[in-house]
Every structure is written in C-alpha cells, then in structure tokens.
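Quick note, the sequence shown lines up with residues 1 to 595 if you use UniProt numbering. Glycine included, each C-beta is placed from N, C-alpha and C at the ideal position. Bear in mind that the values here come from a model prediction, so they are computed numbers and not experimental data. Worksheet for the structure shown next.
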Amino acid sequence: MIMVLTVAVALIVLRSNYESAKSMADEYNHQLALDTMESLDIKNKKYGEVSLQIVMSQLVQEQLPRMLRADTADPGFLSFKTELTGFLNQYYFTSDEIESIRVWFGDHNYLFVGESRLKGGGGYEEQHGYRSARESPTHLAWVANANGTLSQWHVITSFQNKKSPNNGSANPVIGAVEINMKPQRLLESMDKLKVMPHARFSYVNADGSLLVQYPEERGEDMAGADAAMLQAFRAGDGKPLASGLRSDGYLYFFERSYLGMYLIISYPEQTFLQYVSVAGVPIALVALLVLLLSLLGVLYISNMTTQPLRTLLKGIHAFGEGGLEEKIPVTGVREIDLIGSGLNRMARQIQQLLEREVQFKQVGHDLEMKNKQAELRALRNQINPHFLFNTLQSIHSVALRKTGHETEINRMIIHLSKLLRESIYHIGNSVTVEAELNNLWAYVELQQIRFKGRFRVKWDIHYESLPKKLPCLILQPLMENAIHHGAFHAEREEVLITVSSSYADGELTICIRDQGCGMDRETLVGLLASLDGERVPGASGHGVGLFNTHSRLKYEFGDSYTMRIDSVPEAGTNVRLVIRDQNQYNERQVVDEHV
Numbered sequence: 001m002i003m004v005l006t007v008a009v010a011l012i013v014l015r016s017n018y019e020s021a022k023s024m025a026d027e028y029n030h031q032l033a034l035d036t037m038e039s040l041d042i043k044n045k046k047y048g049e050v051s052l053q054i055v056m057s058q059l060v061q062e063q064l065p066r067m068l069r070a071d072t073a074d075p076g077f078l079s080f081k082t083e084l085t086g087f088l089n090q091y092y093f094t095s096d097e098i099e100s101i102r103v104w105f106g107d108h109n110y111l112f113v114g115e116s117r118l119k120g121g122g123g124y125e126e127q128h129g130y131r132s133a134r135e136s137p138t139h140l141a142w143v144a145n146a147n148g149t150l151s152q153w154h155v156i157t158s159f160q161n162k163k164s165p166n167n168g169s170a171n172p173v174i175g176a177v178e179i180n181m182k183p184q185r186l187l188e189s190m191d192k193l194k195v196m197p198h199a200r201f202s203y204v205n206a207d208g209s210l211l212v213q214y215p216e217e218r219g220e221d222m223a224g225a226d227a228a229m230l231q232a233f234r235a236g237d238g239k240p241l242a243s244g245l246r247s248d249g250y251l252y253f254f255e256r257s258y259l260g261m262y263l264i265i266s267y268p269e270q271t272f273l274q275y276v277s278v279a280g281v282p283i284a285l286v287a288l289l290v291l292l293l294s295l296l297g298v299l300y301i302s303n304m305t306t307q308p309l310r311t312l313l314k315g316i317h318a319f320g321e322g323g324l325e326e327k328i329p330v331t332g333v334r335e336i337d338l339i340g341s342g343l344n345r346m347a348r349q350i351q352q353l354l355e356r357e358v359q360f361k362q363v364g365h366d367l368e369m370k371n372k373q374a375e376l377r378a379l380r381n382q383i384n385p386h387f388l389f390n391t392l393q394s395i396h397s398v399a400l401r402k403t404g405h406e407t408e409i410n411r412m413i414i415h416l417s418k419l420l421r422e423s424i425y426h427i428g429n430s431v432t433v434e435a436e437l438n439n440l441w442a443y444v445e446l447q448q449i450r451f452k453g454r455f456r457v458k459w460d461i462h463y464e465s466l467p468k469k470l471p472c473l474i475l476q477p478l479m480e481n482a483i484h485h486g487a488f489h490a491e492r493e494e495v496l497i498t499v500s501s502s503y504a505d506g507e508l509t510i511c512i513r514d515q516g517c518g519m520d521r522e523t524l525v526g527l528l529a530s531l532d533g534e535r536v537p538g539a540s541g542h543g544v545g546l547f548n549t550h551s552r553l554k555y556e557f558g559d560s561y562t563m564r565i566d567s568v569p570e571a572g573t574n575v576r577l578v579i580r581d582q583n584q585y586n587e588r589q590v591v592d593e594h595v
C-alpha cells in the first residue's frame, strides 16, 4: 500500500513538473518567435522605406514618365540613367545586405546597380514579383528567386498626371523597383530560433509561397506540411496569432508580419513517457528514499513518545472529568512537557474563569436586589397613584365647569396627571429620550407654577439623541435635586438650569446643570460614596433620588453606564449621565417588546 502511494505521489509530481516544463518551453519558444518576427519586420520596413524613397523621389517621379517615351540614344536618356545610377548607389553601397537594386520602366528597359544578372526574361510586367506587388494593397511584395535570392518589388505609380488612364488606376503605373537581397541576412535574424532542439522554421508569403526555410534540406514533404498547417491556422479566425497547433507529433507556432507574411515554427513535442524516461527515474528514487527515511523516523518518534503521551492523555482525561486542580507531571520529553504545561495553565485559567463567573453572578444579583429596593422606595413615595390620577381628573373637570375656562390650577392638574399616568403605565418600561424629556417638561412646568420666578430652564437637545431609549421617569429626580437643593437654596433671585442631550459614536450623554448653591467637598464625597454602595443615603432623604436613578441605570446598562457629578459651592452642580453602546440596548428593548 505504501509503495503504491509512493508511486502515485511520484507520478503526480512528475506530471506537474512535465506540465510546468512544457508550459515554460512553449512560452519561451513563443517569445523567441515574437522576437524573430520583430527583427524580420524591422528589415522589411527598412527595405520598404528604401524602395518607397526611390519611388517617391523627385528624379523618378518627374523624369521617368518622360523616359518612357524617349529614345535610348537620346543624350537626355543617358543623363537620366547616370543621375539615377548615382542616386541608387547611395542605398546600394550603404548596405551589405542588398545584392542589387533595379528600376524597371518601359517594355524591357531597366537600370541597375550591383549584381547584373536578370531574374528571368521579358519586361517587368512579366515578372512574378511585379504581379504579386500589383495584387498587394501596399503595392509591395517579397518573392523568392530561382537562384536562391530574395527580391522586394515595389510598383512605381506616377503622381504627376493622375488623369492618364492605366488599367483603371487613378495613378498610372510607370515602372517598378526591385531590391534583391541576400537570404543569408534573413537567416541570421532567425539564428535565435536554432536554440530550440530539432526546430524547423520557414518564412512564407500570405499565399503560402516559400521565401526562406531552415534547414534548407527539409524537402517538399516538410514544405507541404507547413502549408497545410498554415491553411488550418488561417481557417481558425477566432484563434490568436501565436496559438499552437499539433500535428504528427510536432507543435506549430505562427507569427504574422505587418505585410501579411508568416513565420512558421515547428518542433517535436515531447510526450509524458519521454519526459519520465529522462527525468522520472531520479525523482522516483528520491521519493522512495524519502519514504524509507520517513517510515524509520515515524517508528522512532512513536516509540519515544508513546509513554509520555499516555501520561498526557491520563491528565487530559482527569481534566475532562472535572479535576482541574490536578497537574500533569513532567515526562522529560520537551514537546510533551510544553503541551502539559499549556494544559495545566489552561486548567488554572478555566478554574479562575469559573470563580469569576460566580463572582459576576453574585454582583449581578446584588445589582438586581438594589434595583428592586430602589423601585420599592419609589413606590413607597407614591400615594395610591391610580386613586390620585382619577381624583385629579375629577378636580380638573369640576374646575373647568365652575370657571368656564382653563386656569393655572387646570394646567397644574394636567401636568401632574401626565406624570402620574407615566408612573402608572410606564414606570417599569423604557421610553425614548423624547418621551422622557416631555415628562420632564411637564414636571418643570408644574414646579415653575409652584416656585414662580425662582428658576428658569434652558433646553439644549440634539435631534440624534431623541429616538434612544431610557427607563421611564429617570430624569425627574435629577431635576428635582436641581430645583430643591440648587435653585431653592440659592441666594440669587433666578437660577438657570440647563438640560442638554447629545449622541455621537454610540454614546448617549444627558446633562442637568444648575447654577445654584452647589455642594461643599464633604457633602459631595458623601453623595458619591452612597452611589458606590459604600454608604446608605441619609435618613432625611438627601441623595435618595440620585441613588434610585443610579441604581436603575446601573441595572439596565451595567458597565456601559456612568454617572459623573461635579459641584462647586455658590457656582452650581452638574450631573452627567453617559450611556455607551446604545444600539445594543435599543435592539434588546425591541426584542423584549416583541416578546
């Protein structure tokens, strides 16, 4: 079984290496093809520009049409040949790749520099290169000659007289330029392709006619195979120009030049079995050696760690049964001891967490009891609210009936009824900040009627705080302290009380600040101690409202809530409530309401 697994892994590795090597070879060969075609295009453009400069030269355009009608014995004709020969020599002698340059005109007239042998009889219109150039949209074509050279043909059209008809062309044909080139120079541009093992390549025209091939002794069969693959490649219009085709064990790549010629590259495709025969044996031997060493290592490590592992498992089993106080002993094996010490540390942490959980539950129970006590104290201060509410409604009706209009007494009854209604129906529920502020406004209106001229209230409320939730009637004790302990005992005639709220970054802040008499340091410390549970509020009732408010908010919000009290004698007192994570509280309230 192990041997089969080893062989399978080795084959997978070999297959992956084979695919990677083949992909890298194809990419490298493709890049060589691109570089070679770029080099060939540079040469094509170079000689295309030479022939274009000859065709467009003022000497050819102005005098060649006249020479077509001149006598060859005319001194002007001889002068033209001499001047044109000197013009062509500028290109011939500056390039060692050009074998000859010919300018054809008339029926059989031509002028040349370089090699003098003609490539076939007859005039230029009978030459294969001229006919190919006429069929090209650019009037430019490359052809292979019988003597093994290459020629670039460029049709000369006259731009002097566009009205003269000539075979239906707007610009009449007046001759042709033939640049004969040594094919060895093209083969030198393809030398980099020879680094591919057993590579063969050819450079052909768009019609499939061969220009250059390597190796030269490939024969007609190979040329025919290239032509067939080129035809198959050109039939697939949706494939990229550098796509590979496979045939008879060869991989073909094609690159197309800007003139429409093709570079065809083919080389034998290595099969997976061939790759295995070369590279597979060493990989298989290495895999077997690694497997053997791994088996020996596993047996040795297993024998060395069996006993310490039993000790470790015994300790884990004890932890699982709840024996967190037990310790896993040291075994002498470093790795096992590290695990054992980690498990011991984890057991201690779990035990500490359990103890903290018990403490947290005790603290939560104490907070709940304090909250219940605060609610009981608040309920003791209520004198049958249902009875009072109904009685106040009756008094309000009688007052309206007796006076016939709303008086200050009626307004006091309305505000007091609102507060009693909230205490009846919402004392144990949460309300929005907006509803709580409305309740506080009713209380303030009631107290302003009672203590007219002793205080005034400024409201600084931010709209984003209005939809947040609070326990009902939680702000009334704070306002009561500001009026009775701040404004009522102040020496100034009118005391300003400011109520403000804001909400930012999940934090709700509500402040009630008065500019009354304030508290001295000792009184403030005692009040803060009562809020922390270190001291019971005084029997006179001083601090009971703050204590109840603090207990209810602590019960609802826990550590997300804080109350801060600042007071300066004769300058006033500021009570700030801060509640964080309001969104979580609001979501919990919505769930409770639905339930």
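Bridge partners of P268 according to DSSP: Y250.
A direct Cα-to-Cα measurement between G526 and Q352 gives close to 35 Å.
Judged by their CB atoms, A33 and F253 are nearer to each other than the 8 Å cut-off. Cβ-Cβ distances below 7 Å link V457 to V444, I497, V499 in the same chain, with the five nearest sequence neighbours on each side left out; the list follows chain order. Cα atoms of A347 and D559: separation of roughly 28 Å, rounded to the nearest angstrom.
Using a C-beta cut-off of 8 Å, the stretch 258-269 makes contact with the stretch 202-210, since at least three inter-stretch Cβ pairs fall below that distance. Nearest Cα to K469 within the set F93, W153, D191, R580: R580. Bounds of the beta strand (DSSP E) holding R513 are 507-514.
Ranked by Cα distance from M369, the first of C511, E556, K452 is E556.
Straight-line spacing of the CA atoms in A482 and L528 works out to 16 Å. Less than 8 Å separates the beta-carbon of G114 from that of E99. For L211, the closest of L40, Y267, M479 by C-alpha to C-alpha distance is L40.
A176 places its beta carbon 8 Å or farther from that of Y250. Per DSSP, reduced to three states, the secondary structure at P471 is strand. V50 is the residue among T36, V50, L68 whose C-alpha sits nearest the C-alpha of F93. Of all alpha-carbon atoms in I54, M67, L524, the one lying nearest the alpha-carbon of P569 is that of L524.
Checking the DSSP bridge columns, you'll see S502 partnered with T509. Judged by DSSP secondary structure, F201 falls outside any alpha helix (DSSP H) and instead within the beta strand (DSSP E) spanning 200-204. Taken through DSSP and simplified to helix, strand or coil, Y262 comes out as strand. Annotation: the continuous beta strand (DSSP E) that includes S151 extends over 150-157. If you draw a 10 Å sphere on the C-beta of F360, you find fewer than 16 other C-beta atoms in it, and that means exposed. For the options N89, E62, I461, the alpha carbon positioned closest to that of F112 is the one of N89. Buried is the label assigned to H550, since at least 16 other Cβ atoms lie within 10 Å of its Cβ. Between the alpha carbons of I42 and K182 lies a gap of roughly 16 Å.
By the Cβ neighbour-count rule, P215 is exposed, with fewer than 16 other Cβ atoms within 10 Å of its own. The Cβ neighbour count for Q349, taken over all protein chains shown within 10 Å, is under 16; the residue is labelled exposed. Assigned with DSSP and collapsed to three states, T562 falls in strand. Here the alpha carbons of L354 and W441 stand approximately 48 Å from one another. In terms of Cβ geometry, G572 and Q515 form a close pair [threshold 8 Å].
Where L553 is concerned, the enclosing alpha helix (DSSP H) starts and stops at 544-557.
The beta-bridge partner set that DSSP reports for G175 consists of I156. In this structure, the straight-line span from the alpha carbon of F455 to that of H485 is close to 12 Å.
Here the C-alpha atom of E27 lies approximately 11 Å from the C-alpha atom of S20.
Just so you know, the alpha carbons of I339 and K314 end up roughly 13 Å apart. Per DSSP, the unbroken beta strand (DSSP E) holding Y214 starts and ends at 210-214. For S79, the enclosing alpha helix (DSSP H) begins and ends at 75-92.
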